[in-house]
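One structure is given below, encoded as structure tokens.
Residue numbers (our numbering), protein chains in the order written: chain X, 3 to 252; chain V, 467 to 916.
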């Protein structure tokens, strides 16, 4: 590796706990999309019982887990709240999906019990009936294709003033099934209910994260374009089926 | 039989006659659905038709094969059997199976994990076989904890049922310990030796079911199955009542010695199909068959003549090319299929077909938990992506380092490989709803090859 090769340090929090829906696909996508551009991904997995360091992190990823697993994670991350918060305030890139998204806020509910969150972003989550399950499409300013994926959550997430949504829902439910908003954007934090493999067929979201991280680390977030024909075909074929009403949600 | 159930079973029989004899269609679900709508207690009312006992087989993967082997073994031993062989495994399918004949010595019933809670209170089976629990269809079934809770409730509703559980699976043992604490009799089966297989991905059950500490393993057979113990508490693989040793797994099939207090004299069992997961399925089937009074000889004879008819590892020859069809509907099932592909040293073509119909689960996020990366080093692999989600499969393969082409159905895959040498086998791996059309196509275009 030459001294000039740029690299990004990706911190994957608790992959063995927060892996409910193929979440590790996101790390694979970040890794490959860096490698295809001759850049290096230095992926650090943080396991249970380890104390993560965010000092040299460029991108932090939090996936989704079951209630029980989510709670273990939240307890260990609360100990790192101050460091994680300065990472976020310093423009560090953090992507959180599904349950991980809920952890970003002030609190969420597990059953009827209120669990303290990481308070990284001004939002909170309560619950509602029914569970919001199904395919979801979001129009977002961060990329020029729709974000297409799947959501499955009982939580209803409410954004504080000054916190932008990731985008607006054009199919499915989003944050609360009512406002038409989906996810959150705050500094370089991206939270979303689009769970599991968010990035594979939303390459614009992957490149948004990479670009922000390169900008912060190297002062230049420009990315060499890639051939995304396969990714965008998958995105469009699902988008078209959903918009045509061809998929009957359960 | 009560009046409503007499009306209900009469209605069910009429629907069955209409479908089967008049329309020539499969009568796997509808008769039961009609009859259950008339009489919700129908399963309980039909249960006395079974004279000697009943076996219910459940678990995420392998239940159709296991169930059908048990049914065939009982028939080989001269017993009459009511069975849902086609895999219609929710309450309606079970009611249909019970309506399918006048009476029988045994009922051998495949049950969906979440349907056990509707089936056990009425049927009160003699044995419930629990093969394994893996993540499957989270959008429909919810998290595994929910499936476990449901099975514990099902067993509580049928205290006379003996649970025959896989002792190598921490998730099954988690269910069994809770059921045992509530009074259920539990028997365990498992593999009692290190197979020295390369470890595959363990998507779940890495943590103790009792205290949450990370489990340690002396060895693993596949996924979370193996000799586990908790470093923190007494949660560990239990003593096995029936154990497989001397296990041999190859492309031509499996063989092993089955022994233990449940089995009687040790028996060497051999089958011409399957990988390591089949050792578990066949051991479970053997235990259930022995408990039901089938001899080891009759059981082995069943394996010798058993022809999978349900798209599970069915082999065909199409235009001189060997084509193998198999179901792969969740990460663990897919990873086991990848192990089977790797055991075949020939250059090969593979169609990975994923649908997102209701029966499959709409959410296919799980394809990112499949170790397609293991195939990236295969020499001469021709990869094809199919199904309603072919484009997603192609992206998954791309990130695993595998180029693929989209071919929506089996015909397309056969056309794609037509110019390749005839000795290159084609594997067709599909999830649930793509399986039946693929099977029909292969039956039409080719010949069975067993």
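Here a beta-carbon is modelled for each residue, glycine too, at the ideal position from N, C-alpha and C.
On a predicted model such as this, the values are computed, not experimentally measured, just so you know.
Near residue 825 (chain V), what residues of its chain come up, given a Cβ to Cβ distance below 6 angstroms and the 5 sequence neighbours on each side ignored? 898 and 899
Do residue 586 (chain V) and residue 627 (chain V) have their C-beta atoms within less than 8 angstroms of each other? yes
Sheet register partners of residue 158 (chain X) (DSSP bridge): X:128
Where does residue 44 (chain X) fall in DSSP's three states? strand
Run through DSSP, which three-state label would residue 868 (chain V) get? coil
Could you tell me which uninterrupted beta strand (DSSP E) segments, each at least 3 residues in length, are contained entirely in the stretch 619 to 702 of chain V, listed from first to last along the chain? 628 to 632, 651 to 657, 682 to 688 and 691 to 695
Under 8 angstroms: do the stretch 767 to 774 of chain V and the stretch 728 to 738 of chain V share three or more Cβ pairs, one atom per stretch? yes
Does the stretch 136 to 153 of chain X come close enough to the stretch 163 to 181 of chain X to have 3 or more Cβ pairs within less than 8 angstroms? yes
If you measure between the beta carbons of residue 119 (chain X) and residue 107 (chain X), is that distance less than 8 angstroms? yes
What is the residue span of the alpha helix (DSSP H) that residue 209 (chain X) lies within? 205 to 220
Spell out a yes or no on whether the stretch 834 to 854 of chain V and the stretch 796 to 804 of chain V are touching, meaning 3 or more CB-CB pairs, one atom from each, closer than 8 angstroms. yes
Determine whether the Cβ of residue 861 (chain V) lies closer than 8 angstroms to any Cβ atom of chain X. yes
Here's a check: name, in chain order, each residue in its chain whose Cβ is nearer than 8 angstroms to the Cβ of residue 111 (chain X), leaving out the five neighbours to either side. 117, 127, 128, 129 and 157
Assigned exposure category for residue 8 (chain X) - 16 Cβ within 10 Å defines buried: exposed
Measure the alpha-carbon distance for residue 30 (chain X) versus residue 211 (chain X) and round it to whole angstroms. 14 angstroms
So what does residue 524 (chain V) bridge to, in DSSP terms? V:596
Quick one, which of X:165, X:161, X:190 and X:12 has its alpha-carbon nearest residue 178 (chain X)'s? X:161
Who are the Cβ neighbours of residue 583 (chain V) in its own chain at under 6 angstroms, not counting the five residues just before and after it? 616, 619 and 620
Run through chain X and tell me which residues come within less than 7 angstroms of residue 857 (chain V), C-beta to C-beta. 235, 236 and 239
Where does residue 491 (chain V) fall in DSSP's three states? Note that residue 491 (chain V) has pLDDT 49, beneath the 50 cutoff, so the model's placement of it is unreliable and the number below is only indicative. Residue 491 (chain V) falls in the coil class under three-state DSSP.
Using 8 angstroms for Cβ pairs, my map puts residue 692 (chain V) next to residue 597 (chain V). What's the rounded Cβ distance? Going by Cβ atoms, the distance from residue 692 (chain V) to residue 597 (chain V) rounds to 15 angstroms, so no, they are not a contact pair.
How about the stretch 565 to 575 of chain V and the stretch 786 to 796 of chain V: do they share at least three Cβ pairs that are nearer than 8 angstroms? no
Which residues DSSP lists as bridging residue 549 (chain V), in chain order: V:574
Less than 7 angstroms between the CB of residue 898 (chain V) and some heavy atom of the ligand NAP, yes or no? Absence of the ligand NAP from the depicted structure is noted, as is the absence of any ligand whatsoever, leaving it without description.
Drop a sphere of 10 angstroms on the beta-carbon of residue 649 (chain V), count the other beta-carbons inside from all chains shown, and report buried for 16 or more, exposed for fewer. exposed
Under three-state DSSP, which class holds residue 112 (chain X)? strand
Positions along the stretch 832 to 844 of chain V whose CB lies within less than 8 angstroms of some CB in chain X: 832, 833, 834 and 835
Give the residues of chain V in contact with residue 137 (chain X), contact being defined as C-beta atoms less than 7 angstroms apart. 828
So with CB distances below 8 angstroms, who are the chain V contacts of residue 42 (chain X)? By Cβ distance, chain V contributes nothing, its closest Cβ being about 17 angstroms from residue 42 (chain X), past 8 angstroms.
Could you check which residue in V:601, V:753, V:885 and V:678 has the C-alpha nearest to that of residue 727 (chain V)? V:753
Using a Cβ-Cβ cut-off of 7 angstroms (strictly less than) and excluding sequence neighbours within five positions of residue 233 (chain X), which residues of its own chain qualify? 202, 203 and 205
Under 9 angstroms Cβ-Cβ, which residues of chain V neighbour residue 152 (chain X)? 605, 828, 829, 830 and 831
Going by CA-CA distance only, name the one from X:93, X:20 and X:215 that's closest to residue 44 (chain X). X:215
Beta-bridge pairing of residue 736 (chain V) - partner residues as DSSP gives them: V:721
Could you tell me the alpha carbon to alpha carbon distance between residue 27 (chain X) and residue 830 (chain V), rounded to whole angstroms? 12 angstroms
Tell me which residue opens and which closes the beta strand (DSSP E) that residue 936 (chain V) is part of. Any property of residue 936 (chain V) remains undetermined from this structure, which presents chain V solely from 467 to 916.
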